[in-house]
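The end of the sequence shown is residue 224 by the working numbering, with every number in the run present.
No residue lacks a Cβ here, since even glycine has one placed at the ideal position from N, Cα and C.
The structure presented is a predicted model; accordingly, all values stated were derived computationally and were not measured.
Here's the structure we're looking at; comments come further down.
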Amino acid sequence: MKKSLLFLILLISLVPLNATSSTSIENNLGYLTSILGNPKAFTVSEKAQQHKESRSGDPIDKEEVGLDEFDNLHPLVVHFPIVLLLFAALLQGIQLFVLKSNLDWVILFLVGAGFIGAYVAGTYVHPHTQGLTDIAQKVLDNHDKYADWTIWSGALAAVLKVISVFWIKLKRGFEIIIFIVMVFSAFSVAQAGHYGAQLVYIQGVGPQGQFLETEEEEEGNHSH
1 MKKSLLFLIL
11 LISLVPLNAT
21 SSTSIENNLG
31 YLTSILGNPK
41 AFTVSEKAQQ
51 HKESRSGDPI
61 DKEEVGLDEF
71 DNLHPLVVHF
81 PIVLLLFAAL
91 LQGIQLFVLK
101 SNLDWVILFL
111 VGAGFIGAYV
121 AGTYVHPHTQ
131 GLTDIAQKVL
141 DNHDKYADWT
151 IWSGALAAVL
161 KVISVFWIKL
171 KRGFEIIIFI
181 VMVFSAFSVA
191 QAGHYGAQLV
201 YIQGVGPQGQ
211 FLETEEEEEG
221 NHSH
């Protein structure tokens, strides 16, 4: 009985209590209850805290920083394919009704640049993570799945548009096929963006480098 009481006191001492706020006390008691009811909750929280503490240094106190001061360039690149592929699908839908050769060139540029941006974002600047919670890992897996679908469908749409511009030339039936592929690509990139935003704003993956491997850690993992 004494050991159980001492263990309970020890757990309570680990939770920062605010004596001036009844709401804070209730939240902390709820947190303690979740730990006692689900030991994994403490393990996940502890893992996240340890990883957060392992990040060296404080946030950079600058109004503007260079590219080399970002933990990863993925957020700077990934917005381009989102905009380009969505806009390409929109213009391709318009093209079904107007069938203008000049518009074909614009669409080809948009879908080609969108594919290149998606490929770069999904390969060269794709961040490597560590210490994720189970739910964060599932969200990341969904994000990566839709990102892969975006790359492949974007590549197919670009190839079909090249064929349309240089060989088929404004055949409505063929343009409909291209439109369907582009709509799928637009859907995929939108879903990838949705799960990416969930990772950042809900799961906290990325801000100030949390849960991301540093360059030294990545090089060490690749050397094994």
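Val98 and Ile202 have their alpha carbons spaced roughly 43 Å apart.
Taking C-beta atoms as the reference points, Leu110 and Leu84 count as a pair closer than 9 Å.
Nearest C-alpha to Gly117 among Leu91, Asn142 and Trp152: Trp152. Distance from the Cα of Gly112 is smallest, within the candidate group Leu73, Ser185, His143 and Pro127, for Ser185.
For Val111, the enclosing alpha helix (DSSP H) stretches over residues Ser101 to Gly122. Look at Leu73 here: in three-state DSSP terms it is coil, with no helix or strand label. Separation of the CB atoms of Val181 and Leu156 is rounded to 5 Å, and the pair is thereby assigned contact status at 8 Å. Between Val189 and Pro81 the beta-carbon gap is near 6 Å, inside 8 Å, which marks them as a contact.
In this structure, Asp141 keeps its C-beta atom at 9 Å or more from the C-beta atom of Gly122. With distances taken between CA atoms, Trp105 lies nearest to Val162 out of Phe174, Asp134, Val162 and Glu175. When DSSP reads this structure, Thr129 sits in a beta bridge with Leu212. Within the model, the alpha-carbon separation for Thr150 versus Phe115 is close to 8 Å. Considering only Ile94, Val139, Leu212 and Trp167, the residue with the shortest C-alpha distance to Gly196 is Val139.
CA-CA distance, Arg172 to Tyr124, rounds to 37 Å. Ranked by Cα distance from Ile176, the options Val78, Leu91 and Gln191 are led by Leu91. Here Gln203 carries a coil assignment [DSSP, helix/strand/coil]. Spanning the alpha carbons of Leu86 and Ala158 requires a straight line of approximately 14 Å. DSSP, reduced to helix, strand and coil, places Lys138 within a helical segment of the structure shown. Ile94 is not a Cβ neighbour of Leu108, given a cutoff of 9 Å. Burial is judged here by how many other beta carbons sit within 10 angstroms of a residue's own beta carbon; Gly193 has at least 16 and is buried.
Residue state for Lys171 is assigned as coil, using DSSP reduced to three classes.
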